[in-house]
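Trainee: In this text, residue positions in the sequence shown follow the working numbering: the first is 23, and each later residue adds one. Below you'll find the structure I mean.
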Amino acid sequence: MKKFRKVLDGLTTSSPVNPGGSPACGSAAGTPSAAPTPRELEIQETLMSEHFQICKTVRHGFPYQPTALAFDPVQKILAIGTRSGGVRLLGRPGVDCHCQHESGAAVLQLQFLINEGALVTACADDTLHLWNLRQRRPAILHSLKFNRERITFCHLPFQSKWLYVGTERGNTHIVNIESFVLSGYVIMWNKAIELSTKTHPGPVVHLSDSPKDEGKLLIGFESGTIVMWDLRVKRADFRIYYDEAIHSVSWHHEGRQFMCSHSDGSLSMWNLRNTAKPFQVTFPHGKTQRDGRKESCKPILKVEYKTSRNSEAFVIFSGGLSYDKAGRRPTLTIMHGKAITVLEMDYPIVDFMVLCDTPYLNEVQEPYAVVVLLEKDFVVVDLTQSNFPIFENPYPMDVHESPVTCTAYFADCPPDIIPVLYSIGAKHKKTGYSHKEWPVSGGTWTVGSQTYPEIIVTGHADGSIKFWDATAITLQMLYKLKTSKVFENPKSGDVGRSGELVEEDPYAVQMISWCPQSRIFCVVGISAHVILYRFSKHDANTTITSLEVRLQCEMEDVISPSDTENTPCYSDPSGLSPQPQPPSPRSNTPDSARDSIPCLKVKDRMIRMPPGYQAELVVQLLWIDGEPPQQITSLDLNSAYGLLAVGNCNGLAVVDYLQKTILLCMNTLELYGSADPFQRLTRSPRKNRQSTSDFCMRGLSNFYSDSKKRIRTSYQSLTELSDNQVSLDLERSKSPTSESRENSFSRSRSSSVSSIDRETKEAVTTLQFMESYGRKSDPLPTPCLWVGTSLGLVLIIPMSIPMDEQERQEDPVTVVPTGTVLMLKGSILRFSFLDFGGALIHSPYEVWRDQQAPGDPDRPRKRKLVNFSPSSSQEASGDCHLAVVCSEKQAKVFLMPTQACLYVHNITESSFVLRADVVSVCNSVCLACFCANGHIMTLSLPSLRPLLDVNYLPLTDMRIARTFCFTNGGQALYLCSPTEIQRITYSQEMCDNLQEMLGELFTPIETPEAQNRGFLKGFFGGNAQTFDREELFGEASAGKGSRSLAQHIPGQGGMEGMKAAAGGVVGELARARIALDERGQRLGELEERTALMMSSAETFSKHAHEMMLKCKDKKWYQF
């Protein structure tokens, strides 16, 4: 203790030498200044670089831009391919895996090796890939790249190792799945059609083997030509030439007839006994007109013909509507006997599949569900009930129901919050779903041993808020809150309030702040409004209080440079006396002037609020002199203090939400008082000047690429401004009890201004309430508001808050700006506080109490506040603590109350930090940063020693910057597409345990036995079991495929996958496949050596023959 007090005495004696308390700090990482180092303060840092590793964990949401669909009827696993080369594998809830092709080429088609734990993908770069699904993270075993032909269709018969591949040229190739090489057996298009045919049949659009005889392959060409190819004799059994283009073909299970869908909206039925013409042609949605002709219809893109034992057959197809019904939504039609049911979909249909009980095509199919993949949704229809209800989707496929504009991630939440939110949200769930179990039920998943409550909160463009249970790498909807219900519906033509400011999304959520302990929730909207919610389990009839704030900046946008970057901290003891400002009355000024009116009108009548989050207070910024209010750039609330702080590019406002009053409302310059480090010129107000925060926030509507947003409506991630504009950093403070999410970020800049052409308004970018020291002379910490600005300045504003509950409700809170200033490079992003043991100091909070609960009116329940008690080292040091301040360029650690800079670290020179959070990892804390150049970095605390620096994610999409956020436990998330949330970890421990947390895609299941067909059916119907594909397609009979046509590429994850499957029959199969691959490679090398020896022998023979001819007529003495 003596040593520790000597250190503090040294700090005290050194203060007069450097009155600012902010000595010049070196730029090197972790360079100590003249102040004491953490080693002298006896802080033990336990985090090392070995504790960190970047790894993707799981992806949630709807696969963005889907292209293909497949289903394994035995394993009951579903696969969805996307335009960006992604593959999403889904099983029972918890079994959710995302794979990505490195090429990024669109997935054209997916084919499961049914009950084999493997998947074939065909991509737009004409490459086939074989994925091993027997491991928790699937990997590519083989790839086959076609060089001269483009892949259009693939078909893999059940229990076959030969894959049929149709191409754009009309040829059909055959690939061995085990070795992934081409067979020499090729069905050329000119052999398939008649020699007399003068036109090319077009690309192959369908391939299927006959259910009656697997030795017959049905080939459908785009032009309308259909060929039944006999694989044994290598010739066509019959050819059909139809006038209309073919889109799909589907067999009857007996193999005697099949159905085709066509481009004119018709369905044609063909019988194998007479292929001269279809025995039935129908236009399901085409009515006969008065002149006798059928009305023109849209193409039927896909049809499936499925039989049932106890009812008539199902014919299910997409498309086929008549053209005259403009504006009708996409449809799926179910024809069951004479009954026709048309299901309208919200989005265009990408693909659909009928799920059947049996994987055998020659058995009665017994369909029980239809999986419909839409452009932005995923629907499963129950076919076993006459009204065809849909199943309730257990996956979080509606993240993008309205475009996501901000996110927040809370790990290690109070354990009671998730059940409470779920119980409230369950009351508002939709009804009418099928009562049967979800049909996609494959795989296995168990909750890992290391789990803790996690919640993800998403804000959306329509003003809605969604709470998600993210525990154990799953995602489940808990509760939905609609902020638009607080406001009156804007009337058409009401341009005075929101017509020009926000045209399409006036309620869009810009950032959020949530205190899980007190359950107080704050929402910042794009229309410059803040809504404060309290949680209650009971409904209430109440009136929402509205406060209107005028934040106006009347300073000239010219800033003179300060002498040095590390300007000493100033203190103005007198400060500015706070003047509580009453709410401004709503002005009756005409809309043309638009002065002193908010953008939206709050409901001023009594409102019934259901259980859940109930609005209590709305704070709105007002139009001033014809200018709309500037967007709110920072927000923080503290439930223990009962205060709410809001900042933008004009200034700062502090609101007492217990007394419903405005405590402070002033521009940024007034906060400094005489301690302003810059010299700024005043000016008179100019009307109709251009706002400096006219953000072009395109990010929100990246999901709706066609929707145009006006100035100031936008939800931009990266702002691109004119020469006289600079973007404002909307990052704000976040503590374990107060969190927000922003939706824009600033460009790189330094706080050291070097010329007068630097024109900007100083925005308040970060706010945090904390027990700290407003002045150097303060003996004890008091409630303070830390304010960070876009110029890299930090202000500390102390407050005087009555402690008695009755006094707190009646006496005013005093807020006194003191002029205390700290400086950093770049816009301030984050504040955090540590004690002298290196532990995080949490902000005080109020324990949640249900204010709407019935109780004794004479004995109201008192507020229960929690202040975190200092550690033993904290007590010994007289309540001193460390303040961690991070900007977009650097991080600094200050000793409070002396304000001495202990450590400084320049995080980046060429880029800038987008997001910074102080998080708990491995029972310690660190500073985690995400930069615009895609680097993720972690720094130790308090020494700011670099622990991790990984170039993880190039910032190709501004959506990532708007939604990226860190949380405790070494986790982070971002919106990787408009519809998907990607979760990652930067913790080595979680990376090591990830295999246990993920679900198993493959489970050993016995393949169902084929039904006994009976003697007569087997005798007269042909016997498909006698067909030996190996004999036809193998190298012995068909020869090798052309090496120039397709190139085999071994997969990098093959060996890992094989080793993972090294048990039982699976292991034997894996080892056999490895041996087969190695044997094939050795045979290839042997063949090359043999060819080389043959060439050498031929050369030798030639030279020997020439020598013999030259010497045969010579005598022996002539040699």
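C-beta: ideal position from N, C-alpha, C; glycine also.
(1) Report the rounded CA-to-CA distance for Gln-636 versus Tyr-345, giving the unit in angstroms.
(2) Whose C-beta lies closer than 7 Å to the C-beta of Phe-400 among residues of the same chain, with five residues either side of it excluded?
(3) By the 10 Å Cβ neighbour count, where 16 or more other Cβ atoms means buried, how is Thr-247 classified, buried or exposed?
(4) Check whether the Cβ atoms of Thr-174 and Val-129 sit closer than 9 Å, and answer yes or no.
(5) Alpha carbon to alpha carbon, how far is Leu-383 from Glu-276?
(6) When we look at the beta-carbon of Val-843 and count the other beta-carbons within 10 Å, is it buried (16 or more) or exposed?
(7) Go ahead and pull the three-state DSSP assignment for Tyr-455.
(8) Just the Cα atoms here: how many angstroms apart are Ile-136 and Ile-1027?
(9) Measure how close the beta-carbons of Gln-1143 and Cys-1013 come, nearest whole angstrom, since I'm counting them as under 8 Å.
(10) To the nearest angstrom, how far is the alpha carbon of Gln-831 from that of Ala-667?
(11) Which first and last residues belong to the alpha helix (DSSP H) in which Lys-213 is found?
(12) Would you tell me roughly how many angstroms separate the C-alpha atoms of Leu-862 and Val-947, rounded to the nearest one?
(13) State the DSSP-derived secondary structure class of Phe-84, mapped to helix, strand or coil.
(14) Output the boundary residues of the alpha helix (DSSP H) element that contains Thr-690.
(15) Assign Pro-1072 to one of three DSSP states: helix, strand, or coil.
(16) Could you check whether Ala-954 and Val-17 sit closer than 9 Å to each other, using their CB atoms as the reference points?
(17) With C-beta atoms as the reference, is Ala-92 less than 9 Å away from Gln-157?
(18) Roughly how many whole angstroms lie between the Cα atoms of Lys-625 and Val-907?
(19) Counting pairs of beta carbons, one from the segment 497-513 and one from the segment 431-444, are three or more of them closer than 8 Å?
(20) Near Gly-206, which residues of its chain fall below 6 Å by C-beta distance, leaving aside the five closest residues on each side in sequence?
(21) Could you tell me the alpha carbon to alpha carbon distance between Pro-1072 and His-164, rounded to whole angstroms?
(22) I'd like to know whether the C-beta atoms of Cys-176 and Ala-144 end up nearer to each other than 9 Å.
(23) Assess contact between the segment 450-470 and the segment 91-105, defined as three or more Cβ pairs (one per stretch) separated by less than 8 Å. Is contact present?
(24) Would you grab the beta carbon distance between Gly-814 and Cys-806 for me? Rounded to a whole angstrom, and I think it's under 8 Å.
(25) Starting from Met-845, trace the beta strand (DSSP E) both ways and give me its first and last residue.
(26) What is the residue span of the beta strand (DSSP E) that Met-1019 lies within?
(27) Do you know whose CA, among Phe-988, Gly-848, Glu-868, lies nearest Ser-932's CA?
(28) I'd like the list of long-range same chain contacts for Ser-596, defined as Cβ closer than 7 Å, with 5 residues on each side in sequence excluded.
(29) Could you give the distance in angstroms between the alpha-carbon of Glu-1022 and the alpha-carbon of Lys-911?
(30) In this structure, how does DSSP classify Thr-1171 when only helix, strand and coil are distinguished?
(31) To the nearest angstrom, how far is the alpha carbon of Pro-853 from that of Trp-808?
(32) Cα-Cα, which of Glu-266, Thr-1025, Glu-1109 is closest to Arg-114?
(33) Thinking just about the alpha-carbon of each residue, which of Gly-139, Ala-494, Cys-621 is nearest to the one in Val-469?
(34) Just checking His-560 against the ligand FAD - is the residue's beta carbon closer than 8 Å to any of the ligand's heavy atoms?
(35) Decide if Gly-359 is buried, meaning its Cβ has at least 16 other Cβ atoms within 10 Å, or exposed.
(36) State the Cα-Cα distance for the pair Thr-329 and Arg-541, rounded to the nearest angstrom.
Mentor: Based on what the coordinates show:
(1) If you take the alpha carbons of Gln-636 and Tyr-345, they lie about 48 Å apart.
(2) Phe-84, Asn-415, Met-419
(3) buried
(4) Cβ distance not < 9 Å, so Thr-174 and Val-129 don't count as in contact.
(5) 8 Å
(6) buried
(7) coil
(8) 11 Å
(9) In the structure displayed, the chain extends from 23 to 1141; residue 1143 sits before or after that span and is not available.
(10) 18 Å
(11) Run containing Lys-213: 211-214, per the alpha helix (DSSP H) assignment.
(12) 7 Å
(13) coil
(14) 690-694
(15) strand
(16) As displayed, the chain neither begins before 23 nor continues past 1141, which places residue 17 out of reach and without an answer.
(17) By the CB criterion at 9 Å, Ala-92 and Gln-157 fall outside the cutoff.
(18) 40 Å
(19) yes
(20) Only Ala-1060, Gly-1061, Lys-1062, Gly-1063 meet the Cβ criterion.
(21) 5 Å
(22) yes
(23) yes
(24) 19 Å between Cβ atoms; not a contact.
(25) 842-845
(26) Segment 1010-1019 is the alpha helix (DSSP H) holding Met-1019; no beta strand (DSSP E) there.
(27) Gly-848
(28) Residue placement at Ser-596 is poorly supported in this model, since its pLDDT is 36, which falls under 50; the coordinates still yield a value, given next. Cβ neighbours of Ser-596 beyond the five flanking positions: none.
(29) So the alpha carbons of these two residues sit roughly 43 Å apart.
(30) No answer is possible for residue 1171: the residues shown for the chain start at 23 and end at 1141.
(31) As written in the sequence, residue 853 is Phe, which differs from the Pro given in the question. Whole-angstrom Cα-Cα distance: 8 Å.
(32) Taking each of Glu-266, Thr-1025, Glu-1109 in turn and checking the Cα distance to Arg-114, the smallest one comes out for Thr-1025.
(33) Looking from the CA of Val-469, the closest CA among Gly-139, Ala-494, Cys-621 belongs to Ala-494.
(34) Ligands are entirely absent from the displayed structure, and the ligand FAD is therefore not among its contents.
(35) exposed
(36) 55 Å
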